[in-house]
Structures are given as structure tokens and as C-alpha cells.
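I have placed the structure first, in the form of C-alpha cells, so that the comments after it can refer back to it.
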Amino acid sequence: MNQGVIPKCNLIAKNKPSLVKKLLHFFSVASPEDWEKCYASLEVSFRRTREEQSDVGAISAWLRLGEIEAEKLDCPKYSKPKFEKAVREIRTLTVLPPEEFELRMQQLCREAGVVLVLVPSIKRAHVSGVARWLNPHKALIQLSLYGKTNDRFWFNFFHEAAHILLHNKENIFLDEWDSGESSASEPEREANQWAREFLIPSEYEGELARLQSKADVVDFAKRIGIHPAIVVGRLQHDHLIDRSWMNGLKESVCFQG
């Protein structure tokens with residue numbers, strides 16, 4: 001109702017049959033039992049970063065919104081070499097504002113067989129992104145802008161891209177920002193490490209501790225070809241600077257479509 005998917009109504013007995021009918025249509029299933037089979041059972045496939053993150057209703061609704069958007073878009077069969085090339089070009093787009101990178105980013109992904117959709121977060125889902133396969137030849141990356149700053153947006157995207165590139169097609173990798181790494185599964189740790197090194201290659205790691213001013217960060221980011229916010233996010237995450245420092249270099253990310 002809050003997303004405008006179904007009309008708002010009072011949750012009283014006489015409205016329930018109509019409400020159930022609308023929900024079944026939204027989820028494209030014939031009965032509540034079919035929903036249980038198709039969506040409630042997805043919980044075992046979630047690779048959640050927090051085990052207590054278990055509102056299957058909110059999560060499945062957010063996932064379904066992404067499916068609906070993805071179903072509208074045709075794309076060729078997934079090609080790993082093309083997607084590897086796409087993510088390299090997308091890295092160069094991090095320096096641009098959303099109105100300039102969003103459509104190009106989606107185009108590059110789609111040409112490689114990966115649909116990228118942006119779906120606003122839903123209350124109690126707390127999801128930053130998901131990587132999954134809609135069929136053996138079509139992958140989906142779905143982002144929510146949970147966090148809403150560009151350092152988080154870009155790390156989330158490349159984290160989900162890593163799942164597509166590195167991991168099997170059977171799992172649904174559902175991720176939450178700032179979840180803590182100690183309890184993360186091995187695929188999550190691999191995706192985190194891949195994204196870290198892809199954005200800031202390991203040969204530059206030794207320089208990070210010497211970045212003590214905004215000017216240092218801006219110069220370093222320009223030299224390696226990424227947005228300064230990504231560098232700030234890395235410095236904060238690695239406890240090289242306080243989380244209250246240099247946030248002025250970060251930018252808000254808003255949906256264009």
C-alpha cells in the first residue's frame with residue numbers, strides 16, 4: 001500500500017478477500033499456498049548478513065518489485081567477459097552525478113545480460129541490495145539506496161556484481177549495509193574483498209593511512225579514477241579516520257526514474 005502497488009484500505013474482514021486477490025496478482029501466484037511455496041520458501045536461499053533479518057513478507061515484496069521491473073526489460077544472454085568489461089567501465093562512472101551515470105550504467109549491465117534495477121527500500125526489509133539469477137541466462141542486481149550516500153551505493157553495486165561474477169546461480173545473495181563481517185558467510189567475504197580491491201587496488205593500500213586531509217583524498221581519488229567519497233568510506237570502514245570526518249566529500253544518491 002505504501003508503495004502504491006495496491007490501493008489503500010482498512011484491514012477489516014470484509015476487505016480481506018479483495019486484498020488477498022490483489023496480493024496474489026502482485027506476486028503472480030494462484031493461492032496463498034503457492035505463495036508459501038514460491039516466496040516463503042525463499043528464506044532458505046537468502047544469504048542474509050544478519051540472521052535476525054527475517055521479515056520474509058517485506059523482503060519478498062521488495063524482491064517482487066524488482067522482478068516486475070526486470071520482466072519489462074529484454075537483454076541478451078549473460079556473458080561473463082562482457083560483464084567484466086562493463087564493470088570496468090562502470091568504475092569510471094563513479095565520478096559522475098546520478099543523472100549522468102544511471103542510464104549508462106543500466107545499459108552496460110543489460111548488454112552483458114545483467115538487469116540492474118533500483119527499487120526504493122521497504123519498511124522492515126532493511127535491504128541494500130540483492131544479486132540473483134532470474135533464469136540461467138539472465139541475472140538481476142537490485143539496489144535500494146539504503147544508506148543513500150554514493151560511497152555506499154557504489155560499494156553495494158560492486159559487491160553485488162562480485163556475486164554475479166564469482167558465485168553460483170542457485171543462491172539469492174541478499175545484503176544489508178553495515179552488517180558486520182565477523183558473521184558473514186564465505187561468499188559474502190569474497191564479494192566484499194573483490195569490491196574493495198576492485199575499487200582501490202591492493203597496490204594503493206599502503207597510501208591510505210597517509211591521507212589525512214580532504215585535499216589528500218581528492219588527489220588520491222583522482223589519481224586512481226574513482227569518486228573521493230569511495231575513498232572516505234574505505235578510510236572510515238578501516239578505522240583510519242573517524243566516521244564523522246570528511247563526510248562533506250560524500251554525495252546523496254537519488255532515483256532518477
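When we follow the numbering used here, the leftmost residue of the sequence shown carries the number 1, and every step to the right adds one. For each residue, glycine too, the CB sits at the ideal point set by N, CA and C.
Residue pairing by DSSP places residue 132 opposite 140 in a beta bridge. A check of alpha carbon separations from residue 161 across 149, 150 and 196 identifies 196 as the nearest.
Linking residue 83 to residue 112 through their CA atoms gives a straight-line distance of about 5 Å.
About 5 Å separates the Cβ atoms of residue 229 and residue 249, confirming a contact at the 8 Å cut-off.
Excluding residues up to 5 positions away in sequence, 229, 230, 232, 233 and 250 lie with their Cβ nearer than 7 Å to the Cβ of residue 151 in the same chain. Going by DSSP, residue 232 is part of the alpha helix (DSSP H) stretching over 228-237. For residue 35, same chain residues with a beta-carbon under 6 Å away, outside a window of 5 residues either side, are 27 and 29 in chain order. Relative to the Cα of residue 216, the nearest Cα in the group 235, 203, 199 and 201 belongs to 235. A distance of 8 Å or more separates the beta carbons of residue 148 and residue 58. One Cα belongs to residue 2, the other to residue 39, and the distance between them is close to 20 Å.
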